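Trainee: Same order as they appear, the protein sequences are chains A and B. All residue numbers for the first sequence refer to my numbering, where the first residue is 1 and numbers rise by one. All residue numbers for the second sequence refer to my numbering, where the first residue is 481 and numbers rise by one. The C-beta atom is built at its ideal place from N, Cα and C for all residues, glycine as well. What you are looking at is a predicted structure, and each value in this text was computed from that prediction instead of being measured.
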Amino acid sequence: MQSFDFVALTPEIATAALTLILLAIGMLIPAGARRGMQPLTVFGLLGILGYILYDLFYAKMGPAFQGMYFHDQFADFFKILFLAAALLVVLFSGAYIQKLPAYRGEFYALLVAATLGMMILAGAGDLLTLYVGLELMTISFCILVCYLPNNGGSCEAGLKYLVLGAAASAILLYGISLIYGLTGSTQLAQIASRLGDNLSPSLILATVFLLAGFGFKISLVPFHMWAPDIYEGAPTPVTAYLAMASKAAAFAALIRVYLVTLESQSFAQAGVALLLILAALTMIVGNLMAIPQTNIKRMMAFSSVAQAGYLLVGVIAESNAGVKGVLFYAMIYVFANAGVFAVIAHVEPAQDSDEIKDYAGLARRSPLAAAVLTVSVLSMAGIPPLAGFVGKFYLFSAVMSTGYSWIAFVGFVMSMVSVYYYLSIVRVMYLGEGEGLPEIPVYGAAKFTMLFAMLITVFLGIYPTPLAQMALTAAKSLVR
Amino acid sequence: MGTTIVFFIFAIMAVAAAWGVVTSKNIVHSAFFLALTFAGVAVLYVLLNADFLAAVQLLVYMGAVNIMVIFAVMLTLRGDVKESSLETKKWGLGALGAALVFIMIALVILTNADWRIPAQAWSGQGSALAISELMLKSYMVPFEAAAILLTLALVGAVILAKGVKESK
Numbered sequence: 001m002q003s004f005d006f007v008a009l010t011p012e013i014a015t016a017a018l019t020l021i022l023l024a025i026g027m028l029i030p031a032g033a034r035r036g037m038q039p040l041t042v043f044g045l046l047g048i049l050g051y052i053l054y055d056l057f058y059a060k061m062g063p064a065f066q067g068m069y070f071h072d073q074f075a076d077f078f079k080i081l082f083l084a085a086a087l088l089v090v091l092f093s094g095a096y097i098q099k100l101p102a103y104r105g106e107f108y109a110l111l112v113a114a115t116l117g118m119m120i121l122a123g124a125g126d127l128l129t130l131y132v133g134l135e136l137m138t139i140s141f142c143i144l145v146c147y148l149p150n151n152g153g154s155c156e157a158g159l160k161y162l163v164l165g166a167a168a169s170a171i172l173l174y175g176i177s178l179i180y181g182l183t184g185s186t187q188l189a190q191i192a193s194r195l196g197d198n199l200s201p202s203l204i205l206a207t208v209f210l211l212a213g214f215g216f217k218i219s220l221v222p223f224h225m226w227a228p229d230i231y232e233g234a235p236t237p238v239t240a241y242l243a244m245a246s247k248a249a250a251f252a253a254l255i256r257v258y259l260v261t262l263e264s265q266s267f268a269q270a271g272v273a274l275l276l277i278l279a280a281l282t283m284i285v286g287n288l289m290a291i292p293q294t295n296i297k298r299m300m301a302f303s304s305v306a307q308a309g310y311l312l313v314g315v316i317a318e319s320n321a322g323v324k325g326v327l328f329y330a331m332i333y334v335f336a337n338a339g340v341f342a343v344i345a346h347v348e349p350a351q352d353s354d355e356i357k358d359y360a361g362l363a364r365r366s367p368l369a370a371a372v373l374t375v376s377v378l379s380m381a382g383i384p385p386l387a388g389f390v391g392k393f394y395l396f397s398a399v400m401s402t403g404y405s406w407i408a409f410v411g412f413v414m415s416m417v418s419v420y421y422y423l424s425i426v427r428v429m430y431l432g433e434g435e436g437l438p439e440i441p442v443y444g445a446a447k448f449t450m451l452f453a454m455l456i457t458v459f460l461g462i463y464p465t466p467l468a469q470m471a472l473t474a475a476k477s478l479v480r
Numbered sequence: 481m482g483t484t485i486v487f488f489i490f491a492i493m494a495v496a497a498a499w500g501v502v503t504s505k506n507i508v509h510s511a512f513f514l515a516l517t518f519a520g521v522a523v524l525y526v527l528l529n530a531d532f533l534a535a536v537q538l539l540v541y542m543g544a545v546n547i548m549v550i551f552a553v554m555l556t557l558r559g560d561v562k563e564s565s566l567e568t569k570k571w572g573l574g575a576l577g578a579a580l581v582f583i584m585i586a587l588v589i590l591t592n593a594d595w596r597i598p599a600q601a602w603s604g605q606g607s608a609l610a611i612s613e614l615m616l617k618s619y620m621v622p623f624e625a626a627a628i629l630l631t632l633a634l635v636g637a638v639i640l641a642k643g644v645k646e647s648k
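Below is the structure:
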């Protein structure tokens with residue numbers, strides 16, 4: 001009888017319990033008295049976040065359940081990221097959720113359930129666990145994306161996400177079954193030891209299938225077609241959470257599978273060539289397609305495609321520095337996105353529009369929102385005093401030290417291109433007149449979220465050391 | 481020899497029925513073809529001595545899932561059932577792509593000599609016992625996560641179905 005490792009699973013058990021508690025409260029409490037759902041979710045998530053911070057620094061790490069689950073700093077880092085993202089989303093979307101026609105309580109439960117799926121994904125030491133975590137995340141998102149029943153765009157987005165997500169899952173499963181056939185195991189560590197230096201065509205096929213499955217979630221370029229429609233149609237908090245956390249979760253899985261499992265001399269050559277092409281395509285297409293967009297959510301969709309390309313550059317470096325870059329950038333991307341989407345979620349209900357031209361004069365109508373949006377997009381563009389610059393510096397310097405300088409060059413050029421479309425929003429906000437558009441002051445939890453996201457973005461740009469140190473520890477904890 | 485013949489009979493039946501699922505114009509016929517596919521796969525499980533899996537396949541997939549599909553079709557269908565799935569006519573390009581992918585996968589799989597999981601029948605005692613041990617011991621984490629996944633899928637189904645009703 002094996003012992004049950006409670007410590008390794010405590011955050012997941014707590015998150016699952018929070019999901020079920022939120023579901024039960026949503027059913028038991030009368031519809032008029034559900035104002036407490038948001039604080040309850042916030043405090044629940046804060047509690048779990050606090051526990052993981054304790055776990056990160058003081059708990060005894062190691063694989064749990066005979067290697068079925070990883071309990072290491074890498075998983076903890078990503079769990080902190082997901083919980084921070086969920087907290088920020090819940091905090092800034094209180095007003096948005098109050099306006100939903102129905103099922104407000106279930107919204108929080110589904111959001112927490114998606115977080116649980118991501119946490120399982122980050123800790124998975126086995127392809128089956130990984131797959132179930134991925135599906136838990138995807139199914140929760142499917143429901144969340146079509147949460148506006150009277151809105152055609154939301155329903156269309158939900159259906160697209162469901163159908164395309166199912167196709168991507170099928171391809172991923174096929175890849176997993178090929179890997180199982182080749183190695184006789186679904187455990188990452190065992191797969192790694194059994195593959196050895198053997199590079200057969202079937203392994204390449206399996207890898208391509210796995211990459212396609214993850215590539216869909218990350219929105220790498222040949223698999224990015226879903227992103228614009230779904231980012232535009234989904235409720236804004238859901239779009240925010242998709243961009244912030246679901247991408248990072250898929251990167252956690254990709255890094256584990258790619259760097260832990262498929263790391264072999266012969267494989268590295270073919271795999272790196274494939275990833276280099278995908279990363280270059282993703283950065284170029286994402287940034288160029290973002291330029292002509294007139295809808296801010298659509299533009300953020302293409303911008304998030306481009307960001308996935310930058311993150312993939314860090315994976316290509318295949319070093320501790322590269323993984324550290326990915327972790328650091330994924331974390332600051334959460335805060336930059338929180339700033340942008342908090343503003344969108346604030347502006348959208350007030351003037352019923354996501355068009356960039358309707359952000360005209362926002363600097364006068366809502367100075368704080370305009371400032372936060374400016375800082376956030378400049379951080380994404382990688383302008384020096386902000387966190388995005390440091391993140392890109394880590395990513396590109398890591399890949400340059402491994403000899404693939406041209407991909408870093410593509411990244412530099414495309415970052416400069418991105419400055420153009422990010423600044424076009426800033427120009428509209430500060431130079432546009434915006435006559436006839438309402439004054440929309442920010443208050444309450446949304447104000448706190450915006451200020452917090454902006455402060456973190458500025459702070460980590462000036463003093464990145466603590467987070468970089470944490471990311472490096474997490475990168476080193478990956479089993480190689 | 482006998483098992484090979486049985487395998488090919490039911491494998492061909494499963495594939496032919498899957499063809500029927502995709503091509504038939506009446507969506508209820510598609511659902512019945514789907515049941516036939518499930519049955520064919522169940523026989524393949526029996527050939528591998530996975531008797532528990534075969535029973536689950538028959539009871540859950542053919543018995544429950546398929547009947548539910550047919551109920552859903554009956555309760556939601558508007559118009560003539562004979563022309564309920566007309567999109568199946570446009571399949572030229574899809575067929576070409578699928579054929580190319582199929583040839584590629586078949587080539588890769590047939591040329592690979594080093595499979596660690598040979599297609600051999602289960603030789604232990606009691607496949608239900610073995611499966612339950614796996615599910616509740618080593619695969620406990622994904623098993624429990626799947627339970628939460630199903631709960632949420634149920635919640636989501638209710639939310640989506642009722643949401644559409646309210647909007648009318």
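(1) Find the residues of chain B that neighbour Val-132/A, judging by a C-beta separation of less than 7 angstroms, and give them in chain order.
(2) Answer yes or no: does any C-beta atom of chain B fall closer than 8 angstroms to that of Ile-139/A?
(3) Quick test of your reading: Tyr-310/A and Gly-411/A, contact by CB under 8 angstroms. State the CB separation rounded to the nearest angstrom.
(4) Just checking, does the region 49-62 of chain A make contact with the region 22-41 of chain A on the three C-beta pairs under 8 angstroms criterion?
(5) State buried or exposed for Asp-126/A, treating a residue as buried only when at least 16 other CB atoms are found within 10 Å of its CB.
(6) Listed from N- to C-terminal order along the chain, which residues in the region 240-264 of chain A have their beta-carbon within a distance smaller than 9 angstroms of any beta-carbon of chain B?
(7) Counting only beta-carbon atoms, is Pro-235/A nearer than 8 angstroms to chain B?
(8) For His-509/B, report the span of its alpha helix (DSSP H) as first-last.
(9) Check each candidate in Ala-381/A, Ala-363/A, Met-450/A and name the one with the smallest Cα separation from Val-428/A.
(10) Is Thr-449/A near Leu-91/A, with beta carbons less than 8 angstroms apart?
(11) Taking 8 angstroms as the threshold (C-beta atoms), are Ile-284/A and Val-399/A in contact?
(12) According to DSSP, which residues form a beta bridge with Gln-73/A?
(13) Does any CB atom of chain E fall closer than 8 angstroms to the CB of Gly-577/B?
(14) Mind checking if Thr-556/B is an interface residue toward chain A, Cβ cutoff 8 angstroms exclusive?
(15) Quick one: what's got a C-beta closer than 6 angstroms to Ala-301/A's C-beta in the same chain, skipping five residues either side?
(16) Buried or exposed: which applies to Glu-106/A, given that a residue is buried once 16 or more other Cβ atoms fall within 10 Å of its Cβ?
(17) Identify, in the order they occur along the chain, each residue of the same chain with its Cβ nearer than 8 angstroms to the Cβ of Ala-601/B, setting aside the five sequence neighbours on each side.
(18) Who are the Cβ neighbours of Tyr-430/A in its own chain at under 6 angstroms, not counting the five residues just before and after it?
(19) Have a look at Lys-79/A, Leu-9/A, Ala-95/A, Tyr-69/A and flag the residue whose alpha-carbon is nearest the alpha-carbon of Tyr-443/A.
(20) Can you tell me the Cα-Cα spacing of Phe-389/A and Arg-194/A, whole angstroms?
(21) Whose Cβ in chain B lies nearer than 9 angstroms to the Cβ of Gly-105/A?
(22) With distances taken between CB atoms, is the gap from Leu-312/A to Leu-210/A smaller than 8 angstroms?
(23) For my contact list, Phe-396/A and Ala-248/A are in at a C-beta cut-off of 8 angstroms; report their separation, rounded to the angstrom.
(24) Using the Cβ count rule (16 or more neighbours within 10 Å means buried), how would you classify Asp-358/A?
(25) For Leu-281/A, which residues from the same chain have a beta carbon less than 6 angstroms from its beta carbon, with the 5 sequence-adjacent residues on both sides left out?
(26) So which of Gly-184/A, Ala-345/A, Met-118/A has the shortest CA-CA distance to Trp-595/B?
(27) Could you please tell me which residues of the region 56-72 of chain A, in chain order, have their CB closer than 7 angstroms to any CB of chain B?
(28) What in chain B is Cβ-close to Pro-30/A, meaning under 9 angstroms?
(29) Is Glu-135/A buried or exposed, if buried means 16 or more other CB atoms sit within 10 Å of its CB?
(30) Let me know the secondary structure DSSP gives Pro-63/A once reduced to three states.
(31) Measuring straight from C-alpha to C-alpha, what distance separates Asn-150/A and Thr-374/A?
Mentor: Put simply:
(1) At a C-beta separation below 7 angstroms, Val-132/A has these neighbours in chain B: Pro-622, Ala-625, Ala-626, Leu-629.
(2) At least one CB of chain B lies nearer than 8 angstroms to the CB of Ile-139/A.
(3) Yes, they are in contact, since the Cβ atoms of Tyr-310/A and Gly-411/A sit about 6 angstroms apart, within 8 angstroms.
(4) No: the two stretches stay apart, fewer than three of their Cβ pairs being nearer than 8 angstroms.
(5) With 16 or more neighbouring CB atoms inside 10 Å of its own CB, Asp-126/A falls in the buried class.
(6) Residues of the region 240-264 of chain A with a C-beta less than 9 angstroms from any C-beta of chain B: none at all.
(7) Taking CB atoms only, Pro-235/A has no neighbour in chain B less than 8 angstroms away.
(8) Where His-509/B is concerned, the enclosing alpha helix (DSSP H) stretches over 507-527.
(9) Nearest option by C-alpha distance: Ala-363/A.
(10) Yes, these two residues count as a Cβ contact at 8 angstroms.
(11) Not in contact: Val-399/A and Ile-284/A (Cβ atoms no closer than 8 angstroms).
(12) According to DSSP, which records beta bridges pairwise, Gln-73/A is partnered with nothing at all.
(13) Of the protein chains in this structure, namely A and B, none is chain E.
(14) Interface annotation, Thr-556/B: not in contact with chain A, CB-CB separation never under 8 angstroms.
(15) Answer for Ala-301/A: Ala-227, Pro-228, Tyr-231, listed in chain order.
(16) Under the 10 Å beta carbon count, Glu-106/A is surrounded by 16 or more other beta carbons and is classified as buried.
(17) In the same chain as Ala-601/B, and ignoring 5 residues on each side of it, the C-beta atoms closer than 8 angstroms to its own belong to Leu-527, Leu-528, Asn-529, in chain order.
(18) Only Ala-363 meet the Cβ criterion.
(19) With respect to the C-alpha of Tyr-443/A, the residue from Lys-79/A, Leu-9/A, Ala-95/A, Tyr-69/A having the closest C-alpha is Ala-95/A.
(20) One Cα belongs to Phe-389/A, the other to Arg-194/A, and the distance between them is close to 40 angstroms.
(21) Proximity of chain B to Gly-105/A at the Cβ level (cut-off 9 angstroms) is not reached, the minimal Cβ distance being about 11 angstroms.
(22) No.
(23) Between Ala-248/A and Phe-396/A the Cβ distance is about 19 angstroms, and since that is not below 8 angstroms, they are no contact.
(24) The Cβ neighbour count for Asp-358/A, taken over all protein chains shown within 10 Å, is at least 16; the residue is labelled buried.
(25) Closer than 6 angstroms at the Cβ level, and outside the excluded window around Leu-281/A, lie Val-221.
(26) Looking at the Cα atoms, Gly-184/A is the closest of the given residues.
(27) So the close ones are Phe-65, Gln-66, Met-68, Tyr-69.
(28) Pro-30/A does not reach chain B, its nearest Cβ partner there being about 18 angstroms away, counting only Cβ pairs nearer than 9 angstroms.
(29) Glu-135/A is buried by the Cβ-count criterion.
(30) Residue state, collapsed to three classes: strand.
(31) Cα to Cα, Asn-150/A sits roughly 32 angstroms from Thr-374/A.
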